[in-house]
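Chains as they are written, first to last, in the UniProt record's numbering: chain S, 1 to 348; chain B, 1 to 348. We put the beta carbon where it would ideally sit given N, CA and C, even for glycine.
Protein chains: 2
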Amino acid sequence: MTVTLADVAARAQVSPATVSRVLNGNYPVAATTRERVLRAVDELDYVLNGPASALAAATSDLVGILVNDIADPFFGIMASAIQSEIGGPGGRAGGERLAVVCNTGGSPERELTYLTLLQRQRAAAVVLTGGAVEDEPHASAVAAKLRRLGEAGTRVVLCGRPPAPDASAIALTFDNRGGGRELTEHLIGLGHRRLGYIAGPEERTTTRHRLEGHRAALAAAGIEEDPRWTVHGRYDRRAGYEATLELLRRDPTLTAVVAANDSVALGACAALRESGLRIPEDVSVAGFDDLPFSIDVVPSLTTVRLPLAEAGARAGRIAMGREEPPHGGIATIRGELMVRGSSGTPRS
Amino acid sequence: MTVTLADVAARAQVSPATVSRVLNGNYPVAATTRERVLRAVDELDYVLNGPASALAAATSDLVGILVNDIADPFFGIMASAIQSEIGGPGGRAGGERLAVVCNTGGSPERELTYLTLLQRQRAAAVVLTGGAVEDEPHASAVAAKLRRLGEAGTRVVLCGRPPAPDASAIALTFDNRGGGRELTEHLIGLGHRRLGYIAGPEERTTTRHRLEGHRAALAAAGIEEDPRWTVHGRYDRRAGYEATLELLRRDPTLTAVVAANDSVALGACAALRESGLRIPEDVSVAGFDDLPFSIDVVPSLTTVRLPLAEAGARAGRIAMGREEPPHGGIATIRGELMVRGSSGTPRS
DNA sequence: AGCGTGACAGCAAGCGCTTTCTATACAGGA
DNA sequence: TCCTGTATAGAAAGCGCTTGCTGTCACGCT
């Protein structure tokens, strides 16, 4: 039914071994023979059987990219950058690899299952992006799985994710804490003293780090934080919208709202406007990530730019063994404060 | 080194065949035996070898999702919906499938290579999303490849993509033409007579269809189009920004700008504002797709909502054989005009 | 002339699983 | 009691490819 290596070999009048070697190009084959083989491949429209070759060679050309939410540009941008370096089709020549992005939806179980699936496929490399879940049993399960993957020869790289406690994987981490701190310092510098904070889901590292940075800035300025000023929600505009309404309900005198990320900030802006508040005259707003739309909204968003594409590209190269891992296996990538229209001095 | 089926069998004191059957659950195995096997699997921390099982069974649990640009929420949302229905981890129970999204970057070659890679992996199904490239040789190469995939048992579904000429694949198409027409009719209804159009890349079906809809509306209203009113660019904000500047340069009297999609519209808004024009008082703006941010920008964007998530989910179910394909293999999905703040009556 | 030496090509042994067919065991029914 | 049917387990033959090892041949050297 389907064409196999043997068929090609027969047609080219060579042994299957020779065909395999022509296709893999890692063993000397005379030019004329190669030619003959390639012609046969072409004529028969032969396509290598991936599973069979993966089995025989004990390696595969699959590279997994785990993301929390593929519909979120934060992950999309990173995934895109990683993938372009993985050198899937169109990347630099050489082994064509199938870069596959897996959407965990932020669920620890799915993350684990995808990891198992990739392990099952004997993936060549795995890149995990975005914040991790801090739930203890899950965290150690993931760590164990990553260790096992590493032992099996799969290269594991974390991108925008805190290093594993046992440092078993190479990690490119975003300095969420530092960015969060800088952002809030900026607002404090403008004169704000009552700042609401819309945090992400409780159990995520990203959420915690950004919040810690925020609080560190408050503490450094001697501002005592009111527990009512913090609300948790998901990382999307809807959550930002609702959280802002809640914040306003709890304390209408807030002069600034710091959001967990740009999408949340967008929702916050909508809520503020609907509440009749002007930005930034009445309330300042700040985001995080600097996604593409952030500069276009009105007023443009004050935020912390994270070099998502650069980090992704680097992670991709490291995963492919095309770049040296950072010294010590861990690199911290800093964000850059982008001061724009959504932040201003508080109303007196 | 690595644990194999045979190791598990030895430990559980059964034959490899039995272990395989326990794992695949499609053959009667006594409860006590099953139990013993599962315990052994657990104790040895055994993970099935995907390639080996795919080879032996001649099927795999990979499902491919092709997207033009993973960093674009348009595709992210669809991919996410498809994936959740594919029932990757966390989906409904049963066969766990590895849904992999492949980023073609809009390049025909990469699209083709990914298709080959998926064919090589003997993918269970493939979903192609978004507009196709109209370049003839490429189009027929893709069609041929899809046909071959179909013959090999891979289910092929097109989502948000025009049906293949030979109707070889199931297609869920967006009515881009109708949406484009409706949108422009709306603007004409408001009194606009000089409308700029920022189209996507020339060779894409989506671009052409939306533009045709626009022109049909103009023609129906007896408005003769000035060729200077159309500019082509990519589907991103940057392109929208630049195209708008160009449009303004060519004809400063335009009263409306219709963009290829929401991101482009966002860039257009930025350019207009920087040119000192108010929206919609001086110039109306319209987008397409109704991405999540479109309702939050100021002014909120008049656009055509495409049910991306619903379409994706449906495509996913069809790909998994969990929903009947539409009658005739083709379904057209209509968009819905969303009239919002960015469109108004033209300045007299 | 004899022979070491490259440069290629082929043989054949798996890689780890699935699955068909066969074997065994026990329960009823005749 | 013997035979048949049913439930369950095992033996073994691949699935299509890779690769270590074994030729074979044509040179060029001594």
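Closer than 8 Å to chain B by CB, residue i
i: S:Gly200; result: no
i: S:Pro89; result: Since pLDDT at S:Pro89 reaches only 46, below the 50 mark, its modelled position is unreliable, and the value read off the structure follows with that caveat. It does; some Cβ of chain B falls within 8 Å.
i: S:Glu85; result: no
i: S:Val231; result: no
i: S:Leu55; result: yes
i: S:Asn26; result: no
i: S:Thr2; result: yes
i: S:Leu117; result: yes
i: S:Leu98; result: yes
i: S:Asn261; result: no
i: S:Asn68; result: no
i: S:Leu23; result: no
i: S:Leu266; result: yes
i: S:Ser343; result: no
N-terminal and C-terminal residue of the alpha helix (DSSP H) that residue i is part of
i: S:Glu182; result: 176-190
i: S:Gly316; result: 308-319
i: S:Ala247; result: Inspection of the sequence shows that residue 247 of chain S is occupied by Leu rather than by Ala. Element bounds for S:Leu247: 237-250.
i: B:Tyr197; result: That residue, B:Tyr197, is in no alpha helix (DSSP H); its beta strand (DSSP E) goes 195-199.
i: B:Thr18; result: 16-24
i: S:Val29; result: Unbroken run through S:Val29: none, as it is neither H nor E.
i: B:Leu146; result: 136-151
i: S:Val100; result: Per DSSP, S:Val100 belongs to no alpha helix (DSSP H); it is in the beta strand (DSSP E), 98-103.
i: B:Arg120; result: 108-120
Any C-beta of chain S under 8 Å from that of residue i
i: B:Val47; result: yes
i: B:Ala93; result: Below a pLDDT of 50, predicted positions are generally treated as unreliable, and B:Ala93, at 32, falls in that range; no measurement from the model is reported.
i: B:Pro73; result: yes
i: B:Glu281; result: no
i: B:Ser140; result: no
i: B:Met338; result: no
i: B:Gly276; result: no
i: B:Thr113; result: yes
i: B:Leu5; result: no
i: B:Gly178; result: no
i: B:Ala40; result: no
i: B:Ala286; result: no
i: B:Val37; result: no
Where the beta strand (DSSP E) through residue i begins and ends
i: S:Ser284; result: 284-286
i: S:Ala260; result: It is not in any beta strand (DSSP E) - S:Ala260 carries neither H nor E in the DSSP assignment.
i: S:Thr230; result: 230-232
i: B:Arg305; result: 303-305
i: S:Gly64; result: 62-67
i: S:Ala133; result: The amino acid occupying residue 133 of chain S in the given sequence is Val; Ala does not appear at that position. No beta strand (DSSP E) holds S:Val133; DSSP gives it neither H nor E.
i: B:Val47; result: Unbroken run through B:Val47: none, as it is neither H nor E.
Top-ranked residue by Cα proximity to residue i, from the options
i: B:His214; options: B:Glu202, B:Thr230, B:Arg204, B:Glu203; result: B:Thr230
i: B:Pro201; options: B:Asp7, B:Ser60, B:Glu134; result: B:Glu134
i: B:Thr116; options: B:Glu136, B:Leu98, B:Arg97, B:Ala141; result: B:Ala141
i: S:Arg122; options: B:Glu323, B:Gly50, B:Ala216; result: B:Gly50
i: B:Ala217; options: B:Asp282, B:Arg228, B:Gly240, B:His192; result: B:His192
i: S:Ser284; options: S:Gly222, S:Phe293, S:Leu183; result: S:Leu183
i: S:Ser348; options: S:Gly335, S:Asp282, S:Gly316; result: S:Asp282
i: S:Pro163; options: S:Ser343, S:Gly335, S:Gly329, S:Pro346; result: S:Gly329
i: S:Arg250; options: S:Ile295, S:Tyr197, S:Leu211; result: S:Tyr197
i: B:Leu66; options: S:Glu85, S:Val100, S:Ala52; result: S:Val100
i: S:Leu291; options: S:Pro325, S:Glu324, S:Met338; result: S:Met338
i: S:Gly189; options: S:Ala220, S:Gly160, S:Phe174; result: S:Ala220
i: B:Thr303; options: B:Ile333, B:Val257, B:Gly222; result: B:Val257
Handout entry: Inter-stretch contact (C-beta, 8 Å, three-pair minimum) for the stretch 264-274 of chain B and the stretch 309-322 of chain B
Key = Look at the beta carbons and you see the stretch 264-274 of chain B not touching the stretch 309-322 of chain B: under three pairs across the two are nearer than 8 Å.
Exercise for the section: Check each residue of the stretch 291-316 of chain B: if its Cβ is closer than 7 Å to any Cβ of chain S, include it; give the result in chain order. Expected result: Pro292, Phe293, Asp296, Val297, Val298
Handout entry: the stretch 164-183 of chain S in contact with the stretch 138-149 of chain S per 3-pair CB rule at 8 Å
Key = As far as the Cβ criterion goes, the stretch 164-183 of chain S touches the stretch 138-149 of chain S, which means the pair count is three or higher.
Practice task
Report yes or no: do the stretch 224-244 of chain S and the stretch 255-266 of chain S share at least 3 C-beta pairs separated by less than 8 Å?
Solution key: A contact exists between the stretch 224-244 of chain S and the stretch 255-266 of chain S.
Problem - the stretch 68-88 of chain B / the stretch 63-83 of chain S touching (three or more Cβ pairs under 8 Å) - result: yes
Handout entry: Three or more C-beta pairs below 8 Å linking the stretch 36-52 of chain B and the stretch 2-11 of chain B
Key = yes
Problem - the stretch 195-228 of chain B: positions lying closer than 9 Å to chain S by Cβ - result: none
Practice task
Give, in chain order, every residue of the stretch 147-161 of chain S whose Cβ lies closer than 8 Å to some Cβ of chain B.
Solution key: So the list reads Arg148, Ala152, given in the order they occur along the chain.
Practice task
Tell me, please, whether the stretch 315-323 of chain S touches the stretch 125-133 of chain S by the rule of three or more beta-carbon pairs shorter than 8 Å.
Solution key: yes
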